[in-house]
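Going by the UniProt record's numbering, the letters in the sequence shown line up with residues 1 to 84, in that order. Glycine included, C-beta positions come from ideal geometry on N, C-alpha and C. Everything below concerns the one structure shown next.
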Amino acid sequence: MATKKLKVTIELEMSVPEDWELVETSEGTPVLSLPDGRYMDIAIEPLFATDPEELWSSTDDEDALHEVLDMVDSEAVTYEFVKH
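In C-alpha cells form, the structure reads like this:
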C-alpha cells in the first residue's frame, strides 16, 4: 500500500495547579511531575466513530490502536509554563 506523510500538531493551553513541575526523563524527554508522586505525559490517542456526526471514542481493540500508532514516525510534545 502506498503511503504519504501526515503532520499532526497538537497544542494545548491548560490552567494547572501551581505545584505541577516540569522534569526530564533520563533521555531528556520533558514530562510533568504531579504532587501525588505520579508523572504525566500527554500524547495522541486516536478516536473512532462509525458516523462523524455521532459519538467518538477510543478503541478497546489493541491491534487497531497499535496499527495507527505504528504509523507515527516521530512525536514531539513541547511543554512551557506561560506567565500571565
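Query	Result
Less than 8 Å separating the beta-carbons of I44 and V16?	no
Mapping the DSSP letters down to three states, classify V77 as helix, strand or coil.	coil
What did DSSP end up calling V23 once you bin it into helix, strand or coil?	strand
Going by DSSP in three states, L12 sits in which element: helix, strand or coil?	coil
Name the DSSP bridge partner or partners of M71?	BP columns for M71 are empty, so no partner.
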